[in-house]
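> Protein chains in written order, with my numbering: chain A, 51 to 280; chain B, 1126 to 1325; chain C, 36 to 447.
Beta carbons are placed, not taken as given, at the ideal position from N, Cα and C, and that holds for glycine.
All figures in this text were calculated on a predicted structure; none of them were measured in a lab.
Let me give you the structure first, and then I'll get to my questions.
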Amino acid sequence: MITTSSVRVASGLFVVCGALLARRWHILIPALFGLVIFFLATRQFATLRRCAITMTPIVMMFLGIQLMSRVLSSAQFQTPWLTILRLCTLMLAFSYTTVLFEGQDGAEKLIDLGLKNNGLIIALSAISTLPLMQSTARRITEARFAAGFIGRRSIFATATQLPYILGPLFTQALRLAIARSDTWHQRELSHRLQQNLAVIHRSRRVRSYELLTALLPATWIVFIIVTEFL
Amino acid sequence: MSTSVNSKRPINSALLIPIGIALNLALGTVVHLLKLPIFLDAVGTIVVTLLGGVTSGIITGVGSFVLAGVLVNPAYPWFSGTQVVIAVFARIVAVRSGYKTVYRRIVFGLLLGVVTGIVSAPVTAFLFGGISGSGASLITAYLMATGKKVVQAVILSGLASEPLDKLFQTLLAYILLRGAPPDILSRFDQDTLKKNGLLK
Amino acid sequence: MMAQSLTSSSSPMDPLAPSVLFRGPNFSGRSARLHAINEAAGERGFFIEPDIIGSFSGVSPTLNTELDYFSSSLQAKKRAHDFIQSLSMGTILSRNPLSLSGGEQAVAALGLAIGHGSERIAADCCFEQLDRQLRPIIVDCFSAHSQGQIAYADNRADEHDTPACDGSVVLPATGETFAASLDHRFISDRPIESNAIVIRDLTASYDSNDEFILSVPYLELEPGRIYHLVGQNGSGKTTLCRVLVGLLKKTQGSIVSGGRETNTWARPAGIVSLAFQNPDDQLCMNKVGAELVARGCPKNEVVSMIKALGLPVSLDSHPGSLPFVLRKRLSLAATFCLPRGWYILDEPTLGQDNESIAEIALILERMAARGAGIIVVSHSERFAQHLKAVGILLTGGICAELGDRREQYGRG
Chain A
51 MITTSSVRVA SGLFVVCGAL LARRWHILIP ALFGLVIFFL ATRQFATLRR
101 CAITMTPIVM MFLGIQLMSR VLSSAQFQTP WLTILRLCTL MLAFSYTTVL
151 FEGQDGAEKL IDLGLKNNGL IIALSAISTL PLMQSTARRI TEARFAAGFI
201 GRRSIFATAT QLPYILGPLF TQALRLAIAR SDTWHQRELS HRLQQNLAVI
251 HRSRRVRSYE LLTALLPATW IVFIIVTEFL
Chain B
1126 MSTSVNSKRP INSALLIPIG IALNLALGTV VHLLKLPIFL DAVGTIVVTL
1176 LGGVTSGIIT GVGSFVLAGV LVNPAYPWFS GTQVVIAVFA RIVAVRSGYK
1226 TVYRRIVFGL LLGVVTGIVS APVTAFLFGG ISGSGASLIT AYLMATGKKV
1276 VQAVILSGLA SEPLDKLFQT LLAYILLRGA PPDILSRFDQ DTLKKNGLLK
Chain C
36 MMAQSLTSSS SPMDPLAPSV LFRGPNFSGR SARLHAINEA AGERGFFIEP
86 DIIGSFSGVS PTLNTELDYF SSSLQAKKRA HDFIQSLSMG TILSRNPLSL
136 SGGEQAVAAL GLAIGHGSER IAADCCFEQL DRQLRPIIVD CFSAHSQGQI
186 AYADNRADEH DTPACDGSVV LPATGETFAA SLDHRFISDR PIESNAIVIR
236 DLTASYDSND EFILSVPYLE LEPGRIYHLV GQNGSGKTTL CRVLVGLLKK
286 TQGSIVSGGR ETNTWARPAG IVSLAFQNPD DQLCMNKVGA ELVARGCPKN
336 EVVSMIKALG LPVSLDSHPG SLPFVLRKRL SLAATFCLPR GWYILDEPTL
386 GQDNESIAEI ALILERMAAR GAGIIVVSHS ERFAQHLKAV GILLTGGICA
436 ELGDRREQYG RG
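Next up, the structure:
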């Protein structure tokens, strides 16, 4: 059955393939434009901001190289705008595939994508456990402060504490892994999870207009292949 | 807790991996909190490979990068291939007791850096045009400005920066494992751990 | 409720008693018994460790989802919801179980056990962080909603008037007890230098959006005395401790120590040292001896420090290999190694039996007699009775000094 999530992943993959095949930068404009409009329309400003933050130092460095090459050598370096635009497209395509909206259940999305059994457990567990690890890391850092190991707050003083923070964090992480392994084994939780998910979760069949979002990039790839390679 | 640790049941790797992934990302948070200019992207992969085998290590590495791509920086997922290589390398070295002495650890840490420098070069060169935004990119930038080709510049700068970074991460992974309580370590892959001097 | 005594030679679980309490000092084998019951129950068992976290599956973003994914039936799920609601803790259902506080996690784990439809639940010393009004009723409430039996160990079970169980098993002490390994001769009598702390008009906010504000108009803490911070969970006890240690920046007000205004944020643990609730957050070395030396204990005093806190361990053993009871005591020892005049102890009685908390109270009194100032945050009334402490009550973030706690508890 074709579900909404699989359509989303398929269209994301099509955009990625097209971006990798493109040989001229103006071919990428429609894909980039479509993705930016999507993120703006769904108010996912954080994603756009993250991409911008990643891309800014890269673009600045390329411009710097161009400047330097004029000074240093006779070989003229041209800023590779194709590469930059392709990178933007790839990053936005990845975010497009993985972004979750308010109220959307991460678990449902992963199941729609076909993750089962151990794969599903790993994905769900990593996402749920991450805040716990982060707060444990914060608590251990504070314990170092509270034990008087760091006399004065400064960059240098805190940097030397890193090995001492990782040790307790690692030990607590391993203890948790062992406790969970025993819990899952004893109560046969993976069996229960399968049974209950089959009852709770009903995948949504894709609607016809949503198929457009996959058809558009597919058309775009065909266009690229025709114009570039034939 | 003591009795459950004493039972001999092997650990289900599906429950070790998410903790390896969460640990990797939390380490990134710690590094950020302490304002340190280093990355700890492979420590979790090496540790999980030693504890649970090469498949667990690969899934941890790729999973960490994909999740980091969602939460932190969308540039990460494209380097997942490097994580696979790190896990395989760590496994091959560990099976041959390559982490037993300090000398061997240094050699294999540097070698890991060389390997990752070469493996990640095509991704950096083709997808990023040579500049990935990290500190090593400055070296690449200089080399490209003086006329070197992209791939050459990336490999040269990778060989300059990666070995030290991976050496640091390998040593850190080893220190972490050595610092863990022995009765916890004994629940994992005892053969490999004994071969590398981490368990009696 | 008729208390039935079960001899140790009978089967682990009396089929008629919905709840059984295992009593006994530390190391009397209560955990081993509970584990045996759990192993015998197989898939129908549910074990809750002292740190509770391992009992959750770790895949669910909220407690509701956890119940959805792992309940054995809709009726069981409804019973679990009813149990949690009956304790007025419905808010925990929409939160990530891994982010709950200790007391909330205990309730969540019990709710999960009901949802699982488990027939045998074994709970090992996990009720100590519950609020005072919940502790006497929790087991009764659980039995009312669950179709299974619960066997549990609780160090603070004697503190409520009615024993909340239908049967109890008393296990004798075995091997080293705290008192046997404690050697009072080794508690040093050297005077400790410390200054009075005066807090004026202090406000601090825990959330960046000022959702919770702590306000202390005036508080004077004299050295040589023991203070007991009292208040509901979320009333600001932790916030006050964190400001004093320098982990949280105060928004206004002044902390004056020894006549000089101190910026605790710039110099963390400059005047106060804090012993964390979870000892695993504090212990960072590979060897017990190194743990104490790293915090400033002179090498020749390490052995006496170990004996003074009743730790029957070798200096070379790994702190992580010790059972929780001993790790907690080690973290106390480590805190006292730091040469500061003031010590804040967060729940020092976790996992310790009644004999041990009396001894810990004695140790604290001796430290106070040497001149140290001690602030204790504890849910245990019995511990508060042992300490001749001055109470500081915090309600909704506002602080008021209470006076001698013995008057408070002298019910006669």
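#1: For a contact defined as C-beta to C-beta under 7 Å, what are the partners of Asn-61 (chain C) on chain B?
#2: Could you tell me which of C:Ser-153, C:Ala-157, C:Ser-178 and C:Ile-119 sits nearest to Phe-57 (chain C), measuring between CA atoms?
#3: Assuming Ile-261 (chain C) contacts Ile-409 (chain C) under a Cβ cut-off of 8 Å, what Cβ separation, rounded to an integer in Å, is found between them?
#4: For the candidate residues C:Thr-238, C:Asp-316 and C:Ser-415, whose alpha-carbon lies nearest to that of Leu-194 (chain C)?
#5: Could you name the residues that DSSP lists as bridge partners for Cys-434 (chain C)?
#6: Taking Asp-1314 (chain B) as the reference, give the member of B:Ile-1144, B:Leu-1175 and B:Gly-1145 with the closest Cα.
#7: Tell me which residues share the same chain as Gln-1277 (chain B) and place their Cβ nearer than 8 Å to its Cβ, disregarding the 5 neighbours each side in the sequence.
#8: What first and last residue would you give for the beta strand (DSSP E) that runs through Glu-452 (chain C)?
#9: Whose Cβ in chain C lies nearer than 9 Å to the Cβ of Ile-1309 (chain B)?
#10: State the Cα-Cα distance for the pair Leu-1235 (chain B) and Thr-1317 (chain B), rounded to the nearest angstrom.
#11: Evaluate Lys-112 (chain C) with the Cβ neighbour count: other Cβ atoms within 10 Å of its Cβ, from every protein chain shown; 16 or more gives buried, anything less gives exposed.
#12: Counting along the chain, where does the beta strand (DSSP E) carrying Thr-384 (chain C) start and finish?
#13: Indicate whether Lys-69 (chain C) and Asp-201 (chain C) have their beta-carbon atoms separated by less than 7 Å.
#14: When DSSP labels each residue in this structure, what does Ala-1167 (chain B) get in the three-state scheme?
#15: Please go through the same chain and pick out, in chain order, the residues whose beta-carbon is closer than 7 Å to the beta-carbon of Leu-1237 (chain B), but skip the five residues on each side of it.
#16: Out of curiosity, what's the CA-to-CA distance linking Lys-1320 (chain B) and Gly-259 (chain C)?
#17: Rounded to whole angstroms, what is the Cα-Cα separation between Ser-1282 (chain B) and Lys-166 (chain A)?
#18: Spell out whether any CB of chain B is found under 7 Å from the CB atom of Asn-190 (chain C).
#19: If you count every other CB in all the chains shown that lies within 10 Å of the CB of Lys-1274 (chain B), and 16 or more means buried, which is it?
#20: So, does the CB of Leu-1200 (chain B) fall closer than 7 Å to a CB anywhere in chain A?
#21: For Glu-296 (chain C), write down the residues that DSSP places opposite it in a beta bridge.
#22: Check distances from the C-beta atoms of the segment 181-211 of chain A to those of chain C and list, in chain order, the residues that come in under 9 Å.
#23: Since Leu-1192 (chain B) meets chain A, which of its residues come closer than 8 Å, beta carbon to beta carbon?
#24: Hey, would you say the C-beta of Val-121 (chain A) is under 6 Å away from at least one heavy atom of the ligand ATP?
#25: Please state if the CB of Thr-147 (chain A) and the CB of Val-59 (chain A) are separated by a distance shorter than 7 Å.
#26: Whole angstroms is fine: what's the gap from Gly-386 (chain C)'s alpha carbon to Gly-164 (chain A)'s?
#27: Terminal residues of the continuous alpha helix (DSSP H) containing His-414 (chain C)?
#28: Measure from the C-beta of Ser-1127 (chain B) to each C-beta in chain C and report whether the shortest distance is under 7 Å.
#29: Using the C-alpha atoms, what's the distance from Phe-112 (chain A) back to Phe-273 (chain A)?
#30: Could you check what DSSP says for Gly-137 (chain C) in three-state terms: helix, strand or coil?
#31: Does the structure place the segment 369-377 of chain C close enough to the segment 331-350 of chain C that three or more beta carbon pairs sit under 8 Å?
#32: Per DSSP, Phe-1190 (chain B) forms a beta bridge with which residues?
#33: Between the segment 306-325 of chain C and the segment 270-282 of chain C, do at least 3 Cβ pairs fall closer than 8 Å?
#34: For Thr-1265 (chain B) and Ala-1298 (chain B), I'd like the C-alpha separation in whole angstroms.
#35: Residues of the segment 1285-1318 of chain B with a CB closer than 8 Å to any CB of chain C: list them in chain order, please.
#36: Which residue wins for smallest C-alpha separation from Thr-277 (chain A), given the options A:Arg-74, A:Val-66, A:Cys-67 and A:Met-51?
This is what the structure holds:
#1: Residues of chain B passing the Cβ test: none, with the nearest at roughly 12 Å.
#2: C:Ala-157
#3: 5 Å
#4: In the sequence on display, residue 194 (chain C) carries Glu and not Leu. Of the candidates C:Thr-238, C:Asp-316 and C:Ser-415, the one whose C-alpha sits nearest the C-alpha of Glu-194 (chain C) is C:Ser-415.
#5: C:Leu-429
#6: B:Leu-1175
#7: Leu-1268
#8: Absent from the structure is residue 452 (chain C), since the part of chain C shown begins at 36 and ends at 447.
#9: Gly-355 and Ser-356
#10: 21 Å
#11: buried
#12: No beta strand (DSSP E) contains Thr-384 (chain C), which DSSP labels as neither H nor E.
#13: Sequence inspection shows Leu at residue 69 (chain C); the Lys mentioned does not correspond to that position. No, the Cβ-Cβ distance between Leu-69 (chain C) and Asp-201 (chain C) is not below 7 Å.
#14: coil
#15: Ile-1211, Phe-1214, Lys-1291 and Thr-1295
#16: 54 Å
#17: 41 Å
#18: no
#19: exposed
#20: According to the sequence shown, residue 1200 (chain B) is Ala rather than Leu. Taking Cβ atoms only, chain A reaches closer than 7 Å to Ala-1200 (chain B), which makes this a yes.
#21: C:Val-291
#22: Pro-181, Leu-182, Ser-185, Thr-186, Arg-189, Ile-190, Glu-192, Ala-193, Arg-194, Phe-195, Ala-196, Ala-197, Gly-198, Phe-199, Ile-200, Gly-201, Arg-202 and Arg-203
#23: Ala-176, Ile-177 and Leu-180
#24: No copy of the ligand ATP appears in this structure; indeed no ligand is present at all.
#25: yes
#26: 45 Å
#27: Note, His-414 (chain C): premise wrong, no alpha helix (DSSP H); not H, not E.
#28: The pLDDT assigned to Ser-1127 (chain B) is 40, lower than 50, so where the model puts this residue is not dependable, and the model offers no usable value.
#29: 30 Å
#30: helix
#31: yes
#32: Per DSSP, none; premise fails for Phe-1190 (chain B).
#33: yes
#34: 28 Å
#35: Arg-1303, Gly-1304, Ala-1305, Pro-1306, Pro-1307, Asp-1308 and Ile-1309
#36: A:Arg-74
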